[in-house]
Every structure is written in C-alpha cells, then in structure tokens.
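**Q** So the sequence shown is numbered by this note's numbering: it starts at 2 and just counts up by one. Using N, Cα and C, we set each Cβ at its ideal position, and we do this for glycine too. Just so it is clear, the structure is predicted and the values come from calculations on it, not from any experiment. Okay, handing you the structure first.
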Amino acid sequence: MTSYVALIRGIGPGDPRKSNESLRGVLEGLGLDRVRSVLASGNVVFESGSRSPAKLADRIEAAWPEELGFSALTVVRSRAQIAALLDAEPFGDAAHGKASYQLVTFFRTALRSAPTPPEGLAGVEVVGIVDGALCTIHDTTLTGGPEVMKWIDQTYEKQTTSRTPLTLRKILAKMDA
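Structure, rendered in structure tokens:
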C-alpha cells in the first residue's frame, strides 16, 4: 500500500458538505484505506494499492459532485513526492513569515516552466519548480497574500491548489503516524 494525500481546492470550515468528516466519508466510500484529515482545509491522507496518483485524483474529483454536490480540483501526491519536495528545500534557509511567505502551488498536470510575476506585483519571487509544483516566496507586507493568489489563479485559470511548507510538513507527519 502507498500513502497519498488528496489536496482539495477551495475547502474551508463553514460548509458542512466540505467538512473533514464528509470528505473522509467520500474517500472511504471509494474503498481507500486509513483515511485521515489534516487541518480543516482540504488535506486528506489515505492509503491505496494504486500506483497512479492521476487516476486516484480522477476518481476522487469525480466523486465530489456525485456524493457531496460540489466540484473541486483535486491533486493527489504520494508520501514520497511530498517528502522529496520538502527534502529539496526549495526555499533554502529562509524563515516562513510575513516578509518571506512561502507557497507551494500544485497542478493536476505538472508545470514545466515557471511564470514571471507581472510588473507591479512587488516582492514576489518565483523560486522554481519542484516535481511540477510552483514554489514562490513573497513579502506580504508589500503585496498581501491575496494579490499573489489572484495572479496564480488568473494565470492558471484556478486549476491549482496551494499549501505552505508548514502544512506540507503536517501532512507528512500524519502520513507517517
């Protein structure tokens, strides 16, 4: 069995259809094993005998409207992929904070080339791409977080979901528990 995480876009507390319990119920209904939530923001870890994260993402994403009545982009990554991304240390020794807010943006299809932030979006640095995920760091005291997310959403037509390295470490810890 391989340990995976489903990274689900647009999940937050407040909508009972998108509660951790509801999300876990859908994955359990699909026959996935050891289903567990991480935080209340669309991170569900599980195990499967499947070797294809893309096929798992297709199955899970198709289940949201059928089971819970909403659509949500879903990206699936293996434990090995999350560990390798964190081990690559794309942000170097920069501390995560307001002046150096680190963000990893995931895509269903691996990103091949890094975008250039638009002029006028100060304090944003594209660090690079690790395993198809876009790594950015920005100074929220100059840009605010929403401006960076708006740029990413507009550039990729909301076909992304983002997490901080801090959240990815929590996901990895849950996978190892």
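Can the beta-carbon of Phe186 be found less than 7 Å from the beta-carbon of Val36?
**A** Residue 186 lies beyond the residue range present for the chain, which begins at 2 and ends at 178; the question has no answer from this structure.
**Q** Are the CB atoms of Met176 and Arg80 within a distance shorter than 7 Å?
**A** Result yes, Cβ atoms of Arg80 and Met176 sit closer than 7 Å.
**Q** Can you tell me the Cα-Cα spacing of Pro116 and Val127, whole angstroms?
**A** The alpha-carbon atoms of Pro116 and Val127 are separated by roughly 8 Å.
**Q** I'd like to know whether the C-beta atoms of Thr162 and Leu135 end up nearer to each other than 7 Å.
**A** In this structure, Leu135 does not lie closer than 7 Å to Thr162 by Cβ.
**Q** Can you list, in chain order, the residues of its chain with a C-beta nearer than 7 Å to that of Leu167? Leave out the 5 residues immediately preceding and following it.
**A** Correct list, in chain order: His97.
**Q** Using alpha carbons as the reference points, say which of Ala123, Thr165, Ala7, Ser42 lies closest to Leu87.
**A** When only C-alpha atoms are compared, the closest one is Thr165.
**Q** Along the chain, where does the beta strand (DSSP E) that runs through Gly129 open and close?
**A** Run containing Gly129: 125-131, per the beta strand (DSSP E) assignment.
**Q** With DSSP as the reference, identify every bridge partner of Asn44, one or two as the case may be.
**A** In DSSP, Asn44 forms a bridge with Leu8.
**Q** For Ala134, name the three-state secondary structure that DSSP assigns.
**A** Residue state, collapsed to three classes: strand.
**Q** Would a check of beta-carbon distances place Asp132 closer than 7 Å to chain B?
**A** Among the chains in the structure shown there is no chain B, since it carries only a single protein chain.
**Q** Residues bridged to Asp34 by DSSP?
**A** Asp34 is bridged to Glu48.
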